[in-house]
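> In the working numbering, the protein residues as written are -2 to 488.
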Ligand code: NAD
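1) Please return the same chain residues whose Cβ sits closer than 6 angstroms to the Cβ of residue 277, not counting the five positions on each side in sequence.
2) For residue 74 versus residue 151, is the C-beta distance shorter than 7 angstroms?
3) Per DSSP, residue 256 is paired with what?
4) So what's residue 461 in DSSP terms, helix, strand or just coil?
5) Should residue 216 be listed as close to the ligand NAD, given that the test is whether its C-beta is under 6 angstroms from any heavy atom?
6) Can you give the Cα-Cα distance for residue 17 and residue 11, rounded to whole angstroms?
7) Using a threshold of 7 angstroms, state whether the C-beta atoms of residue 36 and residue 334 are closer than that.
8) Taking residue 226 as the reference, give the member of 462, 50 and 111 with the closest Cα.
9) Taking the beta carbon of residue 356 as the centre, do at least 16 other beta carbons fall within 10 Å, making it buried, or is it exposed?
10) In the region 103 to 190, which residue ranges form an unbroken beta strand (DSSP E) of at least 3 residues, counting only runs that do not cross its ends?
11) Classify residue 273: buried if its beta carbon has 16 or more other beta carbons within 10 angstroms, exposed otherwise.
12) Using C-beta distances below 8 angstroms, list every residue in its chain close to residue 303, excluding the 5 sequence neighbours before and after it, in chain order.
13) Which one of 446, 176, 213 and 473 has the shortest CA to CA distance from residue 64?
14) Answer with buried or exposed for residue 140, where buried requires no fewer than 16 other C-beta atoms within 10 angstroms of its C-beta.
15) Determine whether the beta carbon atoms of residue 184 and residue 204 lie at a separation below 7 angstroms.
16) Who are residue 480's beta bridge partners in DSSP?
17) Quick one: Cα of residue 480 to Cα of residue 67, how far?
18) Using DSSP's beta-bridge definition, name the partner residues of residue 27.
19) So, for residue 368: in the same chain, excluding its five sequence neighbours on each side, which residues have a beta-carbon less than 7 angstroms away from its beta-carbon?
20) Going by beta-carbon coordinates alone, are residue 111 and residue 162 separated by less than 7 angstroms?
21) Residue 24 to residue 353, Cα distance in whole Å?
22) Just to confirm, are residue 420 and residue 460 a CB contact at a threshold of 7 angstroms?
23) Could you tell me whether the Cβ atoms of residue 207 and residue 192 are closer together than 7 angstroms?
24) Quick one: using the 10 Å Cβ neighbour count with 16 as the cut-off for buried, is residue 433 buried or exposed?
25) Could you give the distance in angstroms between the alpha-carbon of residue 377 and the alpha-carbon of residue 383?
26) Taking the continuous alpha helix (DSSP H) assigned at residue 312, which residues delimit it?
27) Tell me the rounded alpha-carbon separation between residue 113 and residue 89.
28) Taking the alpha carbon of residue 136 as the point to measure from, which residue in 130, 144 and 83 has its own alpha carbon closest?
29) Got a sec: does the ligand NAD put a non-hydrogen atom nearer than 6 angstroms to the Cβ of residue 45?
30) In chain order, what residues of the same chain have a beta carbon less than 8 angstroms from the beta carbon of residue 279, not counting five sequence neighbours either side?
31) Using a Cβ-Cβ cut-off of 6 angstroms (strictly less than) and excluding sequence neighbours within five positions of residue 93, which residues of its own chain qualify?
32) Out of 48, 95 and 188, which one is the CA nearest neighbour of residue 29?
33) Pop quiz: residue 388 and residue 379 are said to be a contact at Cβ under 8 angstroms. What is the actual Cβ separation, rounded to whole angstroms?
34) Indicate whether residue 71 and residue 127 have their beta-carbon atoms separated by less than 7 angstroms.
35) Nearest CA to the CA of residue 487: which residue from 122, 138 and 148?
36) Less than 6 angstroms separating the Cβ of residue 201 from some heavy atom of the ligand NAD?
In structure tokens, the structure reads:
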């Protein structure tokens, strides 16, 4: 280790936050939350259920109806959101260490990516909201039609564990900016940072009841929220399997609006004429191992044109040692812990399955313990994969790269699009026409050309096909949290 990690632990408080108060579950149920870094117990967490969701939704509804937030001027909401973003940055060190201990990601990225992007997202929607105008429709001159955006009301938010604070910010930021009240259920695997964010929102001046957080398990607190008759919209990020259930629950209950950001198996297409092979190799390896491979947009299917595959793999293997897992509290670490033993088991099962299906293990493949008691797996590369293998079809959500070769652009496009997912994709070529043609043919919400790491709050994020419905980020996200109302006025 280059630096001794600070052992002053952030305060892990597992109580729910409902109507401005920290409370235990109504029936007193808790669960123990351990750290994947070293297995230590972090805290007991409130195991929210139907009664807690009822209380949180009632608080959110009361706050929405009395207008304590929804009817404030946009500029007033802006001031609170900007103050909140500043408080998040002021607590960057605490929040980053909390996220690292809770879900295992390297503290350098928890700070530089998660905390900073979450604060930036909240600030961006805060600053945008007093610059969004409504419309007057081009109707006949005998009448005026105003087309205005109104908040949907009470928004339920359910997020996963891979970017706990950032996924929450992507939804809560725009939902609150337009005046909604929110009930958030974080993942049972990573509840703490969302609770702390909500405390900081109160400190920033968000009225109590406007933003409530109920920790708990998916089939308990999560389904209670998705089925709730007084929730107007549900914004979900998580697996495709659960996302489908969210749409069913939304339809079975009150036809609440349901928005889902789901899984991916993103193809990365490297042509023999790629402009810079070293950069393509670095991006392919760095992006798939980033966040321990626990990223929805990880480019986990690497398609390399057959003529350069050997050269590509040789360089890729030279980079692998950089990504050996280490203590994520160490600021030098780039690969941390897998979120828990269950997920580690899932990743190991896919690695075994890949070998059983005939793929060639080029690197990694073992669970390791750089920190005793923690959950870690080596960065793993499979060669000789074909697109029909399970490891090329299913989302592994771990640091596992599947390398597949192709012969020409049509072959590359056909294989890349042969997936249930359509979140992201990349194409590497110096031929501008080929880049455009391939990018246009790829069925994905985002296509990268000659890079994989650009990202910005200003652009929409979401998927085609079973990668979900709707978009996070950018002004397009406001559509999810608003209803359009037309008001006719006879002149
Ligand atoms: P998950 O679907 O298991 O859980 C996500 C959330 O849903 C958790 O809070 C969980 O408690 C809750 N949940 C589980 N069952 C539920 C139920 N029956 N009713 C209501 N809620 C329920 O996913 P995960 O393992 O936490 O996260 C990994 C998944 O998230 C991956 O598939 C990944 O691709 C996806 N993801 C997508 C994006 C995106 O923007 N597209 C971003 C991050 C993660």
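Glycine residues also receive a C-beta, built at the ideal position from the N, C-alpha and C atoms. The model shown is predicted, which means the values in this text are computed figures rather than measured ones.
The relevant details are as follows:
1) Walking along the chain shown from the start, residue 277 turns up at place 280. For residue 277, where only same-chain residues beyond five positions count, the Cβ hits under 6 angstroms are 267, 271 and 425.
2) Numbered from 1 along the chain shown, position 77 holds the residue referred to as residue 74. Numbered from 1 along the chain shown, position 154 holds the residue referred to as residue 151. Cβ distance not < 7 angstroms, so residue 74 and residue 151 don't count as in contact.
3) Your numbering for residue 256 matches position 259 in the chain shown. BP columns for residue 256 point to 232.
4) Mapped onto the chain shown, residue 461 falls at position 464. Looking at residue 461 - three-state DSSP - the assignment turns out to be coil, as it is neither helix nor strand.
5) Within the chain shown, numbered from 1, the residue matching residue 216 stands at position 219. Answer for residue 216: yes, Cβ within range of the ligand NAD.
6) Numbered from its first residue, the chain shown carries residue 17 at position 20. Numbered from its first residue, the chain shown carries residue 11 at position 14. Spanning the two alpha carbons is a distance of roughly 15 angstroms.
7) The residue given as residue 36 occupies position 39 in the chain shown. The residue given as residue 334 occupies position 337 in the chain shown. No, the Cβ-Cβ distance between residue 36 and residue 334 is not below 7 angstroms.
8) The count along the chain shown starts at 1 and reaches residue 226 at position 229. It is 50 whose Cα lies nearest to the Cα of residue 226.
9) Taking the chain shown and counting its residues from 1, the one referred to as residue 356 is at position 359. The Cβ neighbour count for residue 356, taken over all protein chains shown within 10 Å, is at least 16; the residue is labelled buried.
10) 140 to 148, 151 to 155 and 178 to 182
11) Counted from its first residue, the chain shown places residue 273 at position 276. Flag for residue 273 reads exposed.
12) On the chain shown, position 306 is the one that residue 303 refers to. Answer for residue 303: 402, 403 and 404, listed in chain order.
13) For the purposes of this step, residue 64 is identified with residue 67 of the chain shown, where counting begins at 1. Of the candidates 446, 176, 213 and 473, the one whose C-alpha sits nearest the C-alpha of residue 64 is 176.
14) For the purposes of this step, residue 140 is taken as residue 143 along the chain shown, with counting starting at 1. With fewer than 16 other Cβ atoms within 10 Å, it is exposed.
15) Here the question's residue 184 lines up with position 187 in the chain shown. Here the question's residue 204 lines up with position 207 in the chain shown. No. Outside cutoff.
16) Working through the chain shown from its first residue, we reach residue 480 at position 483. 147.
17) For this step, residue 480 is matched to residue 483 along the chain shown. For this step, residue 67 is matched to residue 70 along the chain shown. Taking the straight line joining both Cα atoms gives about 14 angstroms.
18) Here residue 27 corresponds to residue number 30 of the chain shown, with the count starting at 1. 43.
19) Here residue 368 corresponds to residue number 371 of the chain shown, with the count starting at 1. Correct list, in chain order: 34, 35 and 324.
20) Here residue 111 refers to the residue found at position 114 of the chain shown. Here residue 162 refers to the residue found at position 165 of the chain shown. Contact: yes.
21) Position 27 of the chain shown, counting from 1, holds the residue named residue 24. Position 356 of the chain shown, counting from 1, holds the residue named residue 353. Straight-line Cα distance between these residues: approximately 47 angstroms.
22) Mapped onto the chain shown, residue 420 falls at position 423. Mapped onto the chain shown, residue 460 falls at position 463. Against a cut-off of 7 angstroms, the Cβ pair of residue 460 and residue 420 comes out as a contact.
23) Along the chain shown, one-based indexing puts residue 207 at 210. Along the chain shown, one-based indexing puts residue 192 at 195. No.
24) Taking the chain shown and counting its residues from 1, the one referred to as residue 433 is at position 436. Flag for residue 433 reads exposed.
25) Numbered from 1 along the chain shown, position 380 holds the residue referred to as residue 377. Numbered from 1 along the chain shown, position 386 holds the residue referred to as residue 383. Using only the alpha carbons, I get a separation of about 16 angstroms.
26) Taking the chain shown and counting its residues from 1, one reaches residue 312 at position 315. That run of the alpha helix (DSSP H) goes 306 to 316.
27) One-based indexing of the chain shown puts residue 113 at position 116. One-based indexing of the chain shown puts residue 89 at position 92. Each residue's Cα considered, the two are about 8 angstroms apart.
28) Along the chain shown, one-based indexing puts residue 136 at 139. Checking every option, the nearest Cα to that of residue 136 belongs to 144.
29) As a position in the chain shown, residue 45 is number 48, starting the count at 1. Incorrect: residue 45 has no Cβ contact closer than 6 angstroms to the ligand NAD.
30) The residue you call residue 279 lines up with position 282 of the chain shown. For residue 279, where only same-chain residues beyond five positions count, the Cβ hits under 8 angstroms are 316.
31) For the purposes of this step, residue 93 is taken as the residue at position 96 of the chain shown. Cβ neighbours of residue 93 beyond the five flanking positions: 104, 107, 108 and 112.
32) Indexing the chain shown from 1 puts residue 29 at position 32. Residue 29 has its Cα closest to that of 188, out of 48, 95 and 188.
33) Translated into positions along the chain shown, residue 388 becomes position 391. Translated into positions along the chain shown, residue 379 becomes position 382. That belief holds up - the Cβ atoms of residue 388 and residue 379 are roughly 6 angstroms apart, short of 8 angstroms.
34) Here residue 71 refers to the residue found at position 74 of the chain shown. Here residue 127 refers to the residue found at position 130 of the chain shown. Yes, the Cβ-Cβ distance between residue 71 and residue 127 is below 7 angstroms.
35) For the purposes of this step, residue 487 is identified with residue 490 of the chain shown, where counting begins at 1. Among 122, 138 and 148, the Cα nearest to that of residue 487 is on 138.
36) Taking the chain shown and counting its residues from 1, one reaches residue 201 at position 204. Answer for residue 201: no, Cβ out of range of the ligand NAD.
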